[in-house]
Amino acid sequence: MERRKQMRKLFSIMLALALVFTLFAGCGSQNNEGNTEGEAMGPKVNLSFAMYLADGDPTTQDCVRYLEMIKEATEGTVDFTVYAGGTLCPAPEELDAVRKGLADITFFPVAYGSGHMPESFMLEYPGVNFVNGKAASYTVNDWFNQVQPKEIEDLKLLFALGQGNGCVMTTFPVEKFEDLANRQIRCGDSQAPIIKAYGATPTVMVFSEVYEGLRTGVVEGFYGLAPAGYNVKLYEVTDYVVKDPYYIGTYIMVMNQDVWNSLSEAQQKAITETTEKAFDEFLAAGRDADAEVAYKTFEDNGLKVIEFDQANLDKMIGASGFLQREYAQELDGKGYEGTKNLERFFELAEKYNAQFAD
């Protein structure tokens with residue numbers, strides 16, 4: 613009798629232990645499912661992002677915001693390490709760095725592609741009076757996706773931007789187009805033909821030296837984006853700023869093709885959808901708001917902001933517009949569809965100027 617009681621007691625204990633083990637096994641299974649949730653999305657990777665602009669630059673911040681959206685959309689499986697301020701490689705070398713696998717992603721200014729980005733470089737010349745940067749970005753992004761330039765066919769294009777809001781900030785009075793004649797204007801190497809066409813003297817100078825160059829009189833003006841002039845406080849060493857609606861800076865965000873191919877279909881789909889969302893929400897219009905802040909700051913600091921009337925704008929594009937068409941014809945002679953792709957650019961610009969007009 614006593615033995616039976618002991619057996620029942622032992623059986624009860626074993627049953628209780630079995631239930632406990634089952635419970636813990638169930639919990640463990642749930643934890644494992646949670647740990648493998650990202651694995652179902654694809655392999656975990658940490659990609660290097662090479663950015664020539666500084667951490668605090670608004671464009672850098674927009675790019676980082678975009679990358680963070682990708683991380684979230686891929687359930688944390690695609691993460692990034694940001695190398696801003698050219699710390700991974702100098703700006704002109706970023707594209708080759710991605711090709712060679714020294715960087716995984718970069719935001720590259722097409723202006724630095726002179727000589728090895730023949731098709732894309734055509735967009736750097738004046739030709740369209742964009743109503744805003746958003747219209748320019750949609751135009752450029754569609755153009756790249758439709759044309760698919762051969763010079764980047766070995767890279768994965770994520771998106772392209774056309775940043776407008778160009779200007780000429782000067783230390784001398786400007787009231788009309790002819791006032792730019794014979795003045796020393798700082799510009800990038802790719803912009804020298806434009807400044808020359810405006811009748812001024814192009815002075816190629818790295819951006820970091822512009823402030824001191826204006827302060828000391830080495831140059832009399834700066835040609836570039838209004839937000840760029842604002843970010844380095846060129847309003848402290850200039851007195852006038854002329855809006856140039858024909859200026860466009862073209863940029864591409866690209867990924868190493870092998871890296872892209874190594875991602876799962878789910879990760880690629882998430883990145884593609886996130887790119888479209890980010891482009892619509894903030895990437896395309898990124899610098900328009902910055903330009904408003906820039907021009908307000910210029911005026912608050914005593915600069916005179918000049919907007920040319922139509923007669924002077926006609927002189928401006930009349931002096932420089934031939935550059936883009938001549939370049940397109942040169943491409944035709946080299947076997948590219950330069951003129952055809954330029955007309956495509958004009959058609960897209962007309963479409964998006966109408967769509968995004970204020």
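Numbering-wise (the numbering used here), the sequence shown opens with residue 613 and increments by one.
All C-beta atoms, glycine included, are put in the ideal place defined by N, C-alpha and C.
All figures in this text were calculated on a predicted structure; none of them were measured in a lab.
Residue i versus residue j: straight-line alpha-carbon distance, rounded
i	j	result
Ala666	Thr672	7 Å
Met619	Pro655	With a pLDDT of 47 at Met619, under the threshold of 50, the modelled position of that residue is not reliable, and the figure given next carries that caveat. Cα-Cα distance, rounded: 53 Å.
Tyr678	Glu790	42 Å
Tyr664	Leu773	16 Å
Glu955	Phe894	27 Å
Lys889	Val830	45 Å
Thr850	Gly811	20 Å
Phe784	His728	36 Å
Lys855	Ile918	6 Å
Tyr948	Glu731	8 Å
Ala931	Lys808	9 Å
Gly697	Ile929	34 Å
Gly825	Thr686	46 Å
Leu707	Asn913	38 Å
Thr887	Ala878	14 Å
Asp970	Ile860	19 Å
Glu684	Ala896	21 Å
Gln968	Ser874	Note that residue 968 corresponds to Phe in the displayed sequence, not to Gln. Between Phe968 and Ser874, the C-alpha separation is close to 37 Å.
Glu962	Gly668	34 Å
Phe771	Asp754	9 Å
Arg899	Gln941	32 Å
Ser726	Asn757	20 Å
N-terminal and C-terminal residue of the alpha helix (DSSP H) that residue i is part of
i	result
Tyr852	Taken as a continuous stretch (DSSP letters only), Tyr852 belongs to no alpha helix (DSSP H), being part of the beta strand (DSSP E) at Tyr852 to Asp856.
Tyr847	Neither: Tyr847 is in no alpha helix (DSSP H) and is coded neither H nor E.
Phe834	From DSSP, Phe834 is part of no alpha helix (DSSP H) but of the beta strand (DSSP E) over Gly833 to Leu837.
Asn757	Gly745 to Val759
Phe958	Gly950 to Gln967
Thr909	Gly898 to Asp912
Leu943	Phe934 to Gly945
Arg711	Glu706 to Lys712
Pro730	Pro730 to Phe733
Lys822	According to the sequence shown, residue 822 is Val rather than Lys. Val822 to Thr828 is the span of the alpha helix (DSSP H), which, as asked, contains Val822.
Assigned exposure category for residue i - 16 Cβ within 10 Å defines buried
i	result
Glu885	exposed
Lys908	exposed
Gln803	buried
Pro744	Here residue 744 turns out to be Asn, not Pro, going by the sequence shown. Buried, because 16 or more other Cβ atoms sit within 10 Å of the Cβ of Asn744.
Gln775	buried
Glu705	buried
Pro702	exposed
Asn567	In the structure as shown, the chain starts at 613 and stops at 970, and residue 567 therefore has no counterpart that could be examined.
Glu765	exposed
Gln922	exposed
Asn953	buried
Asp870	exposed
Lys788	exposed
Glu645	Below a pLDDT of 50, predicted positions are generally treated as unreliable, and Glu645, at 34, falls in that range; no measurement from the model is reported.
Lys845	exposed
Span of the beta strand (DSSP E) around residue i
i	result
Gly778	Gly778 to Thr782
Ala772	Leu767 to Gln775
Lys683	Not the beta strand (DSSP E): Lys683 falls in the alpha helix (DSSP H), residues Pro670 to Ala685.
Met865	Gly861 to Asn868
Phe692	Val690 to Tyr695
Thr813	Thr813 to Val816
Lys889	Here Lys889 belongs to no beta strand (DSSP E); instead the alpha helix (DSSP H) covers Glu877 to Ala890.
C-beta contact flag for residue i and residue j at 7 Å
i	j	result
Arg798	Val780	no
Ala715	Ser660	yes
Leu960	Gly950	no
Trp872	Lys768	yes
Ala723	Glu736	yes
Tyr852	Val905	no
Ile864	Phe957	no
Ile682	Val694	no
Asn868	Gly713	yes
Arg795	Gly836	no
Thr862	Val752	yes
Gly688	Gly933	no
Ala793	Ala838	no
Pro805	Leu935	yes
Ala652	Thr718	no
Tyr847	Phe910	yes
Tyr750	Tyr939	no
Beta carbon proximity, residue i to chain D, threshold 7 Å
i	result
Val694	No chain D appears in the structure shown, which is made up of a single protein chain.
Nearest candidate by alpha-carbon position, reference residue i, set the options
i	options	result
Ala966	Met653, Phe742 and Thr686	Phe742
Arg711	Glu763, Gln758, Asn753 and Ala793	Glu763
Thr815	Gly800, Asp900 and Thr828	Gly800
Phe891	Val657, Asp669, Cys675 and Thr813	Cys675
Pro761	Tyr750, Lys746 and Met734	Met734
Val657	Glu911, Phe920, Asp900 and Gln880	Gln880
Asn843	Arg827, Pro857, Phe819 and Thr828	Phe819
Phe692	Glu680, Thr699 and Leu700	Glu680
Pro857	Pro670, Ala882, Lys927 and Thr828	Lys927
Arg827	Lys746, Arg937 and Thr782	Thr782
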